[in-house]
Ligand SMILES: CC(C)(COP(=O)(O)OP(=O)(O)OC[C@H]1O[C@@H](n2cnc3c(N)ncnc32)[C@H](O)[C@@H]1OP(=O)(O)O)[C@@H](O)C(=O)NCCC(=O)NCCS
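In the numbering used here, the protein residues as written are 1 to 204.
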């Protein structure tokens with residue numbers, strides 16, 4: 001089980017007892033990309049925590065060191081498009097060991113009451129250090145909608161490059177007529193070598 005410590009935060013796997021703190025910010029999740037995470041009751045939140053607690057390496061509660069309160073979450077998933085995933089069918093049955101995924105995409109969310117205090121940057125920076133330094137990650141990319149200025153700002157503060165803008169790329173919700181509402185999506189990314197260089201500059 002992994003934990004990550006920063007000046008003000010501890011990032012650790014979720015526990016069932018986190019349910020009420022998480023319900024606080026997942027009752028009305030925003031932006032639209034998080035709509036599927038919506039929770040309505042404490043029981044739902046407990047069940048979700050039980051599920052999340054199985055992932056002790058890539059899914060973390062962001063907690064305040066001082067009080068232990070869960071103020072948000074950060075996680076990362078392997079890209080479905082990277083070679084180990086794409087090659088898995090070809091290698092299946094041939095007894096070949098596939099390389100571990102090394103491209104990951106993070107998700108971050110803070111309880112609205114704790115935004116604008118530098119916690120997201122503090123957590124994401126430590127999480128990137130962990131992914132690149134301890135989990136063998138080579139590339140991190142993030143999708144964010146074109147209207148999500150706070151998330152874009154966070155990507156840029158982390159030194160991620162803006163790689164592209166995909167118009168009407170994805171839809172998470174429908175309008176009142178049941179038609180998909182399409183969103184324009186920005187992609188940001190950073191390589192391990194870029195991260196290492198950036199951290200070296202920050203430290204000297
Ligand atoms: C995206 C999100 C995580 C960013 O959180 P955030 O609190 O705005 O980000 P930061 O931690 O970088 O804090 C930003 C501001 O806190 C302020 N701040 C206050 N105290 C600070 C401190 N001690 N250290 C650093 N910054 C501090 C600064 O003004 C900083 O702004 P700056 O970067 O212009 O200097 C948050 O807006 C969120 O949860 N949004 C909803 C979910 C979401 O959109 N997720 C992404 C989907 S793609």
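Even for Gly, the Cβ is constructed at its ideal location relative to N, Cα and C.
Spatial distance of residue i from residue j (CA atoms)
| i | j | result |
| --- | --- | --- |
| residue 185 | residue 41 | 31 Å |
| residue 103 | residue 191 | 9 Å |
| residue 74 | residue 107 | 6 Å |
| residue 6 | residue 127 | 10 Å |
| residue 202 | residue 146 | 29 Å |
| residue 141 | residue 177 | 34 Å |
| residue 158 | residue 125 | 7 Å |
| residue 51 | residue 117 | 29 Å |
| residue 4 | residue 78 | 20 Å |
Check: residue i C-beta below 8 Å from any heavy atom of ligand 1
| i | result |
| --- | --- |
| residue 148 | yes |
| residue 169 | no |
| residue 31 | yes |
| residue 130 | no |
| residue 27 | no |
| residue 117 | yes |
| residue 195 | no |
| residue 17 | no |
| residue 133 | no |
Residue i, enclosing beta strand (DSSP E) - first and last residue
| i | result |
| --- | --- |
| residue 61 | 59 to 64 |
| residue 109 | 103 to 110 |
| residue 171 | 161 to 174 |
| residue 189 | 180 to 191 |
| residue 12 | 9 to 12 |
| residue 76 | 70 to 78 |
For residue i, the first and last residue of its enclosing alpha helix (DSSP H)
| i | result |
| --- | --- |
| residue 24 | 19 to 26 |
| residue 133 | 119 to 134 |
**Prompt:** Between the segment 107 to 127 and the segment 150 to 162, do at least 3 Cβ pairs fall closer than 8 Å?
**Reply:** yes
**Asked** Within the chosen definition, does the segment 18 to 32 reach the segment 44 to 57 through at least 3 CB pairs nearer than 8 Å?
**Response** yes
**Prompt:** On the three-pair Cβ rule with 8 Å, is the segment 54 to 71 touching the segment 170 to 177?
**Reply:** Because the criterion of three Cβ pairs below 8 Å is not met, the segment 54 to 71 and the segment 170 to 177 do not touch.
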